[in-house]
Structure formats: C-alpha cells, structure tokens
Amino acid sequence: MDVSRTIRNSTSLPAPLGLVAGSGAAMALLASYWDDSWHTDKGRDEFAIPPHLLLYGGVLVTSLAVVAWGLRARRSYGTARRTLGDPALLLAGLGGISTLASAPLDNAWHELFGRDAVLWSPPHLLAVTGALALSVGVLAGLRYTTGRGAAGARLIAAAGVIGALQMPVLEYDSDVPQFSTALFLPVAALGVCLAAVMLDDLLPGRWDTAKAALAYTALRIGVVGFLALSGSSLTAVPPLLVLLVVLPILASVPMAARLVGIGALAPLVWWPVLQLQGSVTTQVPAGQLPVSVMLGATAGALVAWVHGDWRAARSGLAAAPRALVVVAILAIGLGGLPGRAWAHDPGQGIEVLEGQLTVQRAGRRAELMFTLPAPCRTLDPVRTVARRAGQSRSGPLTASEASSGRCRLSGTVSGLVPGRWFVYAELRDGSGRRLEAWLPVTDDGTVAEDRPLYEPPATSAQGAQILGGGALSVLVAGLVLACIRLSKRVASGRTVGRPACSSTLGR
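Per the working numbering, the very first residue in the sequence shown carries number 27; after that it's consecutive.
This is how it looks when you write it as structure tokens:
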C-alpha cells in the first residue's frame with residue numbers, strides 16, 4: 027500500500043471544494059474591475075456598494091472553502107497543529123485572512139493618514155498579495171486531486187493566480203494611471219514571470235499553463251462584457267495567452283532563460299495590444315519600449331534567481347538569504363511609493379454642497395462649468411486642475427452670479443495629452459476651508475453630472491505612515507516569496523507529510 031499517496035489523497039483539496047473556491051475567486055476578479063470603474067465614474071461612496079459586497083463576498087466564499095478543506099484534512103492529520111502545518115493549507119488560510127483583514131486596515135489607514143486611493147498603497151497591495159496567497163494555496167491543494175471536476179478546478183484556481191498577479195496594473199488597464207506610464211509594462215511583465223514560474227510548478231500538464239491563460243482571458247472578456255452592460259467605464263484585455271503559451275513551447279529551454287525571454291517579450295507583445303484597445307486603456311509612448319524591455323528582462327532574471335533557477339543561486343546564497351534580500355528591496359521600493367493619489371476617486375471628505383458640474387474636452391484643452399446653489403460671495407475660486415498619471419495641469423477658475431442666487435464657476439485647463447483626465451474645480455469658502463469637485467473626461471468628451479462639492483480630507487506623511495507602510499510592505503513581499511517557495515516545494519514533491527512547523531515555507 028502506498029502510504030504517501032493515501033495521505034496525499036486524504037489531505038488534498040477535493041474537486042467540489044476547489045470549484046467553489048474558484049467561483050469565489052472569479053467573483054472577486056469581476057468585482058475588482060467593477061469597483062475600479064465605480065470609483066472612476068461615481069467617486070467615493072459608502073463601503074456597502076455592490077462591487078465591495080461582491081468582492082469581499084467572493085473572498086469569503088473562497089475562504090470558507092478553505093476552512094472546509096482544513097476540517098476535512100484534520101481528520102487525516104489527527105491534530106490541529108499538524109493540520110495548520112500543511113504548507114498549502116496554511117498559505118491559503120493566511121491569504122484569506124490577509125485579504126479580509128485588509129478592508130478594515132485600509133479604512134483605518136485612510137482615517138489616520140488622509141486620502142489614499144491608489145492601488146499601490148500598502149493596504150491595497152496587502153489585499154492583492156493576500157488574494158495571490160489564497161489562490162496559490164488552493165492550487166497547491168489541488169495539485170494531486172483526481173476525479174471529476176479536478177482539472178477544471180485547477181484551471182480556475184490557476185486563472186486566479188494570474189489575475190492576482192495582474193491586479194497591480196488594473197489602473198493602467200482601465201486608463202486611470204496613478205504613476206508614470208514607464209512603470210506599466212515592466213510591472214505587467216513581472217506579474218507574467220511570477221505567474222509562469224508558479225503555474226509551471228503547480229500544474230501537472232505541459233500545456234496547462236496555456237489553458238489557464240486561456241481561462242483567464244475568457245474571464246477578462248467576461249468582465250468587459252459585464253462592464254459594458256452595466257454602463258461602466260471599460261478595461262482592457264491583456265495578451266496573457268500569447269505570452270504564457272511560450273512556456274510549454276520552449277519546455278526544453280532552461281527555466282531561467284525562459285523567464286528572461288518572457289520578461290523581455292512582454293512589453294513588445296503588450297504594446298500593440300494597447301494600441302488596438304486605445305480607447306479604454308493607458309497608452310505607453312513608443313520611446314519607453316526599450317527601457318520597458320530591459321526592465322522586463324531584469325524582472326524575469328530576478329524571479330529566476332528567487333526561484334533558484336540560476337546556477338549561481340543554487341550554489342551561492344541559500345533560499346532564505348535570497349528571500350531576505352528581495353524582501354528588503356521590495357520593502358524599500360514599496361515603502362517609498364507616494365502615499366496618496368491625486369486622481370481617480372481621491373478619497374472625498376465631508377460634502378458641503380451639490381451642484382451641476384460639466385466638463386467639455388477638445389484636444390489638449392478642457393473647459394469646466396460648475397453651478398452651485400449658493401451666492402458667489404461665500405465662495406472664493408482658486409483654480410482649475412487636471413490630473414493624470416502623476417501629472418498635473420492647472421488653469422484659471424472664475425465665479426459669476428447666476429439666476430436665483432446661484433454661483434457659476436468657469437475654468438479652463440490646457441496641455442492635456444491623450445487619455446482620461448480628472449478635472450477639478452478647487453475653491454475656498456468664507457472660512458478658508460479648501461473645497462473641490464471633480465469629473466473624469468476622456469478625449470474629446472463631454473460629461474455633465476450632479477457632483478458633490480466636498481472638503482478634501484487632510485493628508486499627512488508622518489513617521490508612523492512611513493513605518494506602517496514599511497511593515498505592510500514586508501508582509502506583501504513575504505507573501506509573494508512564500509508563494510514562490512511553496513510552488514517550488516510542490517514541484518519537488520516535498521509537501522506531503524512535511525508540516526510547515528518542521529519545514530518552513532521558505533526552506
């Protein structure tokens with residue numbers, strides 16, 4: 027009797043639970059893009075908006091499937107300690123806890139440090155990497171699952187891994203970039219390389235990675251269809267299938283070389299796809315391509331080094347020191363990112379008035395008109411501002427009395443490059459409080475809506491924010507590295523009967 031196989035079968039994630047977990051991940055993926063569009067179109071709202079409920083509902087469904095898996099595995103392990111020592115189960119559990127905990131943590135972050143609506147803020151990245159750990163843990167648990175539905179469950183879980191690793195470029199995909207466009211393609215390439223190495227370890231079939239990319243592409247097409255039907259701002263469909271099919275085609279090539287090649291190829295494949303979807307996604311100037319290719323290749327080399335695919339990595343630093351080096355690099359990088367967003371759902375504060383805001387854009391110029399139910403003597407116009415991808419353009423804002431004691435603010439701003447810009451009217455009231463209102467506008471578009479004039483929350487970049495961001499960044503990097511190491515262990519067959527309490531994830 028094969029005892030190892032018996033233990034493996036009794037502690038693996040059953041296919042039905044895997045399908046439930048995958049369904050929750052698909053719900054969360056759809057909700058993430060819906061949430062982004064919601065904030066782009068409508069701004070900040072209450073927590074209990076439909077996208078948030080669907081997002082955390084999906085994570086909860088997946089987490090409950092993991093809990094059921096853990097209860098089943100406990101019957102085989104005999105004790106809670108040994109059950110929690112299962113590396114795949116432990117990582118999935120930590121991922122679910124991290125993702126669910128990120129919601130109140132993010133709210134507390136906003137309360138303490140002010141506006142912070144960028145996806146790359148530490149609490150948001152913790153949610154993303156928590157979702158990654160949850161998906162990787164589930165996929166590792168399905169590695170040896172057999173029977174009806176097992177293959178489908180693996181593909182859905184693998185699509186969840188790809189989705190989590192592409193989430194950092196969501197705002198670029200949806201043409202609401204918060205940082206320079208020079209970062210778009212290198213970050214996307216890093217996500218592809220991480221997905222390639224993890225899925226190559228965790229999926230049993232040679233072509234399963236390509237099938238997972240196809241499943242993910244189908245999900246993204248479904249997301250676009252849903253957003254279109256709901257009248258929301260759209261997002262792009264990335265060329266993941268083209269890139270990840272390279273992995274099995276070049277199966278005889280060493281993994282390190284494949285990762286460097288995929289990293290370098292990613293920007294070259296991505297760029298023309300962006301041109302085809304130019305109306306909904308961020309355009310990267312052709313002049314940035316050479317640097318993007320070099321950074322993409324560097325990302326592939328870094329992933330290969332952490333994964334242990336370079337000969338120097340195998341004979342030099344052990345896995346744990348390599349991991350610490352990368353944690354330090356990522357923590358410094360993430361901790362140094364700006365802590366606030368100056369466009370795209372800018373964390374509205376207390377609403378003061380509501381008025382009719384119209385923004386009309388023609389080429390490089392935008393005109394703003396904002397009519398408020400208050401006399402002009404109570405308002406002091408400051409300026410018109412347009413923001414996008416770390417850029418800011420400003421222009422004049424003037425006030426004139428309208429009928430029935432209403433005040434009409436008019437402004438213009440010039441120098442706008444193609445893409446979606448967020449146009450603001452900034453003013454002060456009689457007591458000197460800063461007030462603002464905004465609308466997003468695309469190329470040659472006109473938008474007219476009732477929008478709130480609100481007092482923007484105070485911002486602060488104190489030492490506590492830096493320390494907190496650094497600590498969360500270490501957790502983010504640690505979760506990513508744990509995913510890589512678990513994938514490696516699964517591929518080498520070292521997870522069965524080796525509880526994490528005696529053989530750590532980073533070993």
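Every residue gets a Cβ at the ideal spot worked out from N, C-alpha and C, and that includes glycine. Because the structure is a prediction, the values reported are computed rather than measured.
Roughly how far, in whole angstroms, is the beta-carbon of residue i from the beta-carbon of residue j, given that I think they are within contact range, below 8 Å?
i: proline 293; j: valine 319; result: 5 Å
i: proline 422; j: threonine 404; result: Their Cβ separation, rounded to whole angstroms, is 20 Å, which puts proline 422 and threonine 404 out of contact at 8 Å.
i: threonine 308; j: glycine 496; result: Their Cβ separation, rounded to whole angstroms, is 28 Å, which puts threonine 308 and glycine 496 out of contact at 8 Å.
i: leucine 538; j: serine 436; result: Because the chain spans 27 through 533 in this model, residue 538 falls outside it and cannot be assessed.
i: leucine 196; j: tyrosine 59; result: 7 Å
i: leucine 95; j: leucine 45; result: Position check: residue 95 holds tryptophan in this sequence, whereas leucine was assumed. Rounded, the Cβ-Cβ distance is 12 Å, inconsistent with contact.
i: proline 182; j: glycine 48; result: First, the amino acid is wrong: residue 182 is isoleucine here, not proline. That belief holds up - the Cβ atoms of isoleucine 182 and glycine 48 are roughly 3 Å apart, short of 8 Å.
i: valine 164; j: valine 93; result: Contact flag wrong, Cβ pair sits at about 12 Å.
i: isoleucine 288; j: glycine 326; result: 6 Å
i: alanine 537; j: glycine 175; result: Outside the modelled stretch of the chain, which goes from 27 to 533, sits residue 537, for which no answer is possible.
i: glycine 156; j: serine 124; result: 3 Å
i: alanine 57; j: leucine 80; result: 4 Å
i: valine 467; j: valine 385; result: 5 Å
i: proline 274; j: tryptophan 336; result: Actually they do not touch by this definition, with Cβ atoms about 21 Å apart.
i: glutamine 314; j: alanine 208; result: 5 Å
i: cysteine 402; j: serine 426; result: 7 Å
Please confirm whether residue i has its beta-carbon closer than 9 Å to some beta-carbon of chain B.
i: glycine 504; result: The chain inventory of the structure shown lacks chain B, comprising one protein chain alone.
Might you give, ordered along the chain, the residues of its own chain that have their beta carbon closer than 7 Å to the beta carbon of residue i, omitting 5 neighbours on each side?
i: valine 13; result: Lying before the first or after the last residue shown, residue 13 is absent from the chain, which here runs from 27 to 533.
i: glutamate 481; result: Gly375, Ile376, Val378, Arg459, Arg460 and Leu461
i: valine 408; result: Leu423, Glu452, Leu453 and Arg454
i: glycine 519; result: none
i: leucine 110; result: Leu116
i: tyrosine 242; result: Ala185, Ile188, Gly189 and Leu266
i: arginine 524; result: Low per-residue confidence applies at arginine 524: pLDDT is 44, beneath 50, and the placement is therefore not dependable, though the value from the model is reported in the following sentence. Counting only Cβ-Cβ distances below 7 Å, and skipping sequence neighbours, we find nothing.
Can the beta-carbon of residue i be found closer than 9 Å to that of residue j?
i: leucine 152; j: valine 506; result: no
i: tryptophan 146; j: proline 113; result: no
i: alanine 190; j: threonine 235; result: no
i: serine 258; j: serine 63; result: yes
i: alanine 463; j: leucine 479; result: yes
i: alanine 239; j: leucine 270; result: yes
i: proline 212; j: leucine 291; result: no
i: leucine 228; j: arginine 169; result: yes
i: leucine 126; j: valine 154; result: no
i: aspartate 61; j: histidine 78; result: yes
Please work out which residues of its chain come closer than 6 Å, Cβ to Cβ, to residue i, disregarding the five sequence neighbours upstream and downstream, and give them in chain order.
i: proline 399; result: Arg432
i: valine 268; result: Val295
i: valine 439; result: Ala392, Thr410, Ala412, Arg419 and Gly421
i: glutamine 192; result: Gly217
i: glycine 471; result: Arg387
i: leucine 131; result: Pro149
i: tyrosine 198; result: Phe210 and Thr308
i: glutamine 303; result: Ala262
i: serine 513; result: Met224, Asp227 and Leu228
i: alanine 323; result: Val286, Gly289 and Ala290
i: tyrosine 450; result: Val411, Glu462 and Trp464
Would you identify the three-state DSSP class for residue i, choosing helix, strand or coil?
i: tryptophan 233; result: coil
i: glutamine 301; result: helix
i: alanine 41; result: helix
i: phenylalanine 205; result: coil
i: phenylalanine 73; result: coil
i: tyrosine 82; result: helix
i: leucine 160; result: helix
i: arginine 31; result: Because arginine 31 carries a pLDDT of 48, less than 50, the predicted location of this residue cannot be relied on, and no value is offered for it.
i: aspartate 132; result: helix
i: glutamine 309; result: coil
i: tyrosine 170; result: coil
i: valine 332; result: helix
i: glycine 458; result: coil
i: leucine 498; result: helix
i: aspartate 61; result: helix
i: alanine 283; result: helix
i: proline 478; result: strand
i: serine 518; result: helix
Output needed for residue i: all residues of its chain with C-beta closer than 8 Å, excluding positions within five of it in sequence on either side, in chain order.
i: alanine 312; result: Trp297
i: aspartate 476; result: Glu380, Gly381, Gln382 and Leu383
i: alanine 74; result: none
i: leucine 300; result: Ala262, Thr307, Thr308, Gln309 and Val310
message = For the pair the stretch 154-165 and the stretch 104-119, tell me if three or more CB-CB distances fall below 8 Å.
response = Output reads yes: the stretch 104-119 touches the stretch 154-165.
request  = Answer yes if the stretch 267-286 comes into contact with the stretch 221-236, meaning at least three C-beta pairs across the two stretches below 8 Å, and no otherwise.
outcome  = With the cut-off at 8 Å, the stretch 221-236 and the stretch 267-286 touch.
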